[in-house]
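Accompanying notes for the structure given below.
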Amino acid sequence: MSLRSPLYSQHKPLLAVAALLGTGFLIIALLGYYAAHASVRDHMLKTLYLNLLIGALVMLVVLTIVYRLINSYQQRIDAQATLDSLTELPNRRGFDLLAVQALHEAQREPKPLTALLLELDDFKRLDTLHGHIATDQLLTGFARDLTQSLRHSDIVCRWSTEAFVVLLKDTDGQTGLKIAEKIRQYIEKQRYFCSGKQLLVTVSLGLTTLQDKDTLHSLLSRTDHALQRARQTGCNRTCVEMPHSSYE
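For the sequence shown, the UniProt record's numbering assigns the number 1 to the initial residue and increments by one for each residue that follows.
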């Protein structure tokens, strides 16, 4: 599923213009043919066929080029609409598209699915002390390390300024907790060099698992509650809000 810009609706007008031009060319050529003397009609008929063929080929080439240019531009617009420009991860709109499909697949199979909500600790303080450029570089580095800590099948996106959300496919709560702790401990040991400064950062995580009647909203609400507990109890930790799960 992709987001469609107004350019997508220009394909039909483009074909309509081409059809009108072709029809006009054909009408003018036919009028000239019937207005000519009989002695020159045979020659004009051959010329007409040749011109029609050349015109059709030129029009086909032009339409093909224009169509590809519009599609290419449309794809760039779609990407900009669903990707975060700083980290190049899906943004919330892109996440919604991916997450709805992941929830549907997990509930249909059924298969376990674990959700993580991560937030960089004391990010506003770091931003005040070191400036926006340094913290932008920090976010880029963190996003890269987070992505490399996960499988290609997992879904990760930038949720807000300093928060990221992850869906671990085919992963139960116990395994998800191990992954969350691995991420937390790994980030704690990282050294991010941003604008000539070494920044140390920790991360708090909230975790839950998908249930049969969950919606995306209810799933993320539980991860948010768990994250708030992690922040309120000292940060740099993982908290779990785990209802009874048939996968445990």
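No residue lacks a Cβ here, since even glycine has one placed at the ideal position from N, Cα and C.
- The DSSP assignment places 113–120 as complete runs of the beta strand (DSSP E) inside the region 58–140, in order along the chain (cut-off: 3 residues).
- With a cutoff of 7 Å on beta-carbon distance, N236 and D121 are scored as near each other.
- If you look at Q198, you'll find it isn't in any alpha helix (DSSP H); it sits in the beta strand (DSSP E) that goes 197–199.
- Here the alpha carbons of G131 and D214 stand approximately 40 Å from one another.
- Counting along the chain, the unbroken beta strand (DSSP E) around L168 starts and ends at 163–169.
- Setting aside the 5 residues that flank it on each side, V165 is surrounded in the same chain by L117, C157, W159, each with a C-beta closer than 6 Å to its C-beta; the list follows chain order.
- The alpha-carbon separation between L98 and F142 amounts to approximately 21 Å.
- Residue pairing of T238 in beta bridges, as defined by DSSP: L205.
- Residue state for R151 is assigned as coil, using DSSP reduced to three classes.
- Distance from the Cα of T209 is smallest, within the candidate group S195, L200, V201, A226, for A226.
- Closest option to T135, judged by alpha-carbon separation, among P110, L150, E162: E162.
- Comparing alpha carbon positions, the residue from L69, R151, L129, S149 closest to K197 is L129.
- Residue environment analysis places R191 among the exposed positions, since fewer than 16 neighbouring C-beta atoms fall within 10 angstroms of its C-beta.
- Residue environment analysis places I183 among the buried positions, since at least 16 neighbouring C-beta atoms fall within 10 angstroms of its C-beta.
- If you draw a straight line from the Cα of R151 to the Cα of Q185, it is about 18 Å long.
- In this structure, L138 lies near L199, with their beta-carbon atoms less than 7 Å apart.
- For R191, the secondary structure class from DSSP, reduced to helix, strand or coil, is coil.
- If you check the CB distance, K169 and S153 come in under 7 Å.
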